[in-house]
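In what follows, a structure is listed as structure tokens, so that the remarks can point back to it.
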Amino acid sequence: MSWMMAQALAKKKKRMKSRRPRNIDGKIVLDGHKLKNIVMLTAGDFAVIRAPDNRLEREYIAKIEAVVRDRSSRQVQVLVTWLYRPETTMGGFGRLPYHGRDELFFSNHEDCLDVDTVERTCKVLTLHKYKKSTNVGSENDTYFARYFYDVESANIKPISQQRLHIHCLCMLPCNPDRQTISCDRCLNNFHPECVGLTGVNVKAIKEFLCPNCKCFLNHPHDGPQRLSSAVKKKKPKFTSTG
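1 is the number of the first residue of the sequence shown in UniProt numbering; add one for each residue after it.
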């Protein structure tokens, strides 16, 4: 055998070795699995999981960490981490006014499921991409996530890679389902009910100035501390549940 042939054979063996399936807890890791002979399910996908015993519950959402085959039963399974809806967390907070209708929390709750429990794939976007997308909502299998839920400590915290945007006088995170009006001067967004516009058709308003900008225009020589205190005195009570 020539030197060049030996080198080519060695490279081929190396490639074949790199393609050998890895193992996780004695399970063989697969490249993917064809869902109902239509969609290829792979690691990194988000999926809609059928509720156990066909309960009358909202479908579960999970992230596929790996597609595996059990060595003994030869059954194809998926290793997942669950995504929680705000009302299903155990921290005692439930769904708050700033939680969107399609908001989910990432978590560290891991599980191993039969691949047959996977109904279909779905999308979980950042809030920024969700707001820009046109086909959103559970009916389009499109959700968003900006928080992480620790199932052991019941703590909920923002995902570190995302900047948590606070807006309006109520100083709450953005709820994409709630209507807002933009100030023509500072360009910040406000809930109509928080600036005294409850029941008003905000789309018909040609120019809107928020209380802070109005205060500045009326008192241009006042310092920022006086402006801030003036706005706080006019801050309306938060009434909408979003």
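Glycine included, C-beta positions come from ideal geometry on N, C-alpha and C.
Item	Value
Whole angstroms is fine: what's the gap from I166's alpha carbon to V202's?	21 Å
In whole angstroms, what separates the C-alpha of I28 from that of R74?	9 Å
Could you please give me the residues that DSSP links to T81 through a beta bridge?	K63 and E110
What are the boundary residues of the beta strand (DSSP E) that P192 is part of?	Neither: P192 is in no beta strand (DSSP E) and is coded neither H nor E.
Looking only at DSSP bridge pairs, what is A47 linked to?	A62 and T121
For H33, report the span of its beta strand (DSSP E) as first-last.	H33 to L35
I need the boundaries of the beta strand (DSSP E) containing L30, first residue and last residue.	K27 to L30
Excluding sequence positions up to five away, which residues of its chain have a Cβ less than 7 Å from the Cβ of G100?	F144, N175, P176 and D177
Roughly how many whole angstroms lie between the Cα atoms of P97 and V200?	21 Å
List the residues that DSSP assigns as beta-bridge partners of H167.	L172
Shorter than 7 Å from the beta carbon of I24 to some beta carbon of chain B?	Absent here is chain B; the protein component of the structure consists of one chain.
Is I38 buried or exposed, if buried means 16 or more other CB atoms sit within 10 Å of its CB?	exposed
Would you please state the rounded distance, in angstroms, between the beta carbons of F148 and F216? I believe it to be under 8 Å.	Between F216 and F148 the Cβ distance is about 38 Å, and since that is not below 8 Å, they are no contact.
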